[in-house]
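Quick notes on the structure that follows.
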């Protein structure tokens, strides 16, 4: 795969280039090492793409794991203890809140990385909520979000979001005090 675009959210590029250039090099090497055609394995059954071979997000994520894990990148999962103090007195809890967690695809030396080939809401959640939470918990200082550009997203299942849409939304939203520096990397086959 190749890097087609990048966007520096809250000076993410400067932060990572200055403090962790060796980790950025590992991420870029991993992107280049993923052989895109090997992951066009999903036979579409969607109305508008019936019979077409599409890129498999599951396969692509495994390829990134195969490239990054040997270099010491690890997934990180934290348990969530949801409060019950906000329920009304007459509400009976009917399901367990145990077993909830949040996870990050890869973490190394306080740099968090998410590889996202899913819906738009997941991209926004990763950068505007999850990475802030993991910073607040003391695990990361900055992040990288790897997403497809539109031309790659068109060769995936319907509804996969893409770099151009994501950047427009981040620019329209603006930066908040609680946000952390993140480099958004748009990739293509």
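In the working numbering, the protein residues as written are 4 to 192.
Cβ atoms here follow ideal geometry from the backbone N, Cα and C, with glycine treated the same way.
Only buried fits residue 143, as 16 or more other CB atoms lie within 10 angstroms of its CB.
Assignment of beta-bridge partners to residue 151 by DSSP yields 190. Selection 67, 68, 102 evaluated against residue 83 yields 102 as nearest (Cα-Cα). Rounded to whole angstroms, the gap between the alpha carbons of residue 68 and residue 108 is 8 angstroms.
Per DSSP, residue 119 lies in no alpha helix (DSSP H) and is assigned neither H nor E. DSSP links residue 43 through a beta bridge to no other residue. By the neighbour-count criterion, in which a residue is buried when 16 or more other Cβ atoms sit within 10 angstroms of its Cβ, residue 93 is exposed. Under DSSP, residue 8 forms a beta bridge with 189.
With contacts defined by Cβ atoms closer than 8 angstroms, residue 147 and residue 34 do not form a contacting pair. Pairing residue 156 with residue 165 gives a Cβ-Cβ distance under 8 angstroms. In the structure shown, residue 110 falls within a strand segment according to DSSP collapsed to helix, strand and coil.
When the alpha-carbon of residue 78 is set against those of 114, 167, 50, 185, the nearest one is in 114. Counting only the Cα atoms, residue 153 lies some 13 angstroms from residue 58. Residue burial is scored here from C-beta neighbours: residue 42 has at least 16 other C-beta atoms within 10 angstroms and is therefore classed as buried. Following the DSSP letters along the chain, one finds residue 22 in no beta strand (DSSP E) but inside the alpha helix (DSSP H) bounded by residues 15 to 22.
In this model, residue 124 and residue 10 are separated by some 18 angstroms (Cα to Cα).
In the three-state reduction of the DSSP assignment, residue 56 falls in the strand class.
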